[in-house]
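Residue numbers (our numbering): 366 to 551.
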């Protein structure tokens, strides 16, 4: 089944909850969905490619893009800025293609104002302990960064009720099936 044409879907949740893995699995099964590529001021992680995973900008270039109104939303998270380039999202929606945004809480709140008809999904971990295990298991962050991510996760989990739907990501296949159902793909 095809995703509803020209509809904006948004997925958010705390760092380490598995949003990226879930989105990757969804896109493999439904390649007609267009995933927005975010801009960020953070350094690339191993294997990440410019224009494929993110648009990597320095702070000056990011600030200039914000000032020019070139981002649909943006926020600072864990010491770095992230944002969604406006033009590609609007072009894909205008062309009738379903668009998926994978962004953080503050960005989701901004998009809710810009696209009130968008469908917003909050991804939760099965437990906070499992979330901490996943974040530590990445092996990419310092202890200070992990502490910041976990503190931020507690705040984000409190905002889950703001969203159109909640999705617990404990088992990937079950979570994927639920996501497909929420997006009208099942």
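Virtual Cβ for every residue (Gly too), placed ideally from N, Cα, C.
- Per-residue burial, residue 366 [other beta carbons within 10 Å of its own, 16 or more giving buried]: Because the pLDDT at residue 366 is just 48, under 50, the model does not fix this residue reliably, and the value given afterwards should be weighed accordingly. The residue is exposed, with fewer than 16 neighbouring Cβ atoms inside 10 Å.
- Item | Residue nearest to residue 532 in terms of C-alpha spacing, selected from 452, 419, 463 and 486 | 486
- Query: residue 491: which of 536, 410 and 546 sits nearest, CA to CA?
  - Reply: 536
- Item | Residues near residue 458 in its chain [Cβ-Cβ closer than 7 Å; skip 5 each side] | 371, 373 and 464
- Message: Mapping the DSSP letters down to three states, classify residue 544 as helix, strand or coil.
- Response: helix
- Based on the DSSP secondary-structure assignment, which residues constitute the bridge partners of residue 428? In the DSSP output, where bridge partners are listed per residue, residue 428 has none listed.
- Query: From the DSSP output, which residues share a beta bridge with residue 533?
  - Reply: 489
- Meets three-Cβ-pair contact criterion under 8 Å: the stretch 461-475 and the stretch 414-431: no
- Got a sec, what are the start and stop residues for the beta strand (DSSP E) residue 436 sits in? 436-442
- Exposed unless 16 or more other CB atoms sit within 10 angstroms - verdict on residue 498: exposed
- Does DSSP put residue 479 in a helix, in a strand, or in coil? helix
- Item | Sufficient close CB pairs (3 or more, under 8 Å) joining the stretch 411-425 to the stretch 520-532 | no
- Message: Between which two residues does the beta strand (DSSP E) holding residue 383 run?
- Response: Premise fails: residue 383 is in no beta strand (DSSP E) and is neither H nor E.
- Please determine, among 394, 404 and 380, the residue with the shortest C-alpha to C-alpha distance to residue 544. 394
- Query: Taking the alpha carbon of residue 444 as the point to measure from, which residue in 438, 408, 433 and 420 has its own alpha carbon closest?
  - Reply: 408
- Query: DSSP beta-bridge partners for residue 376?
  - Reply: 467 and 486
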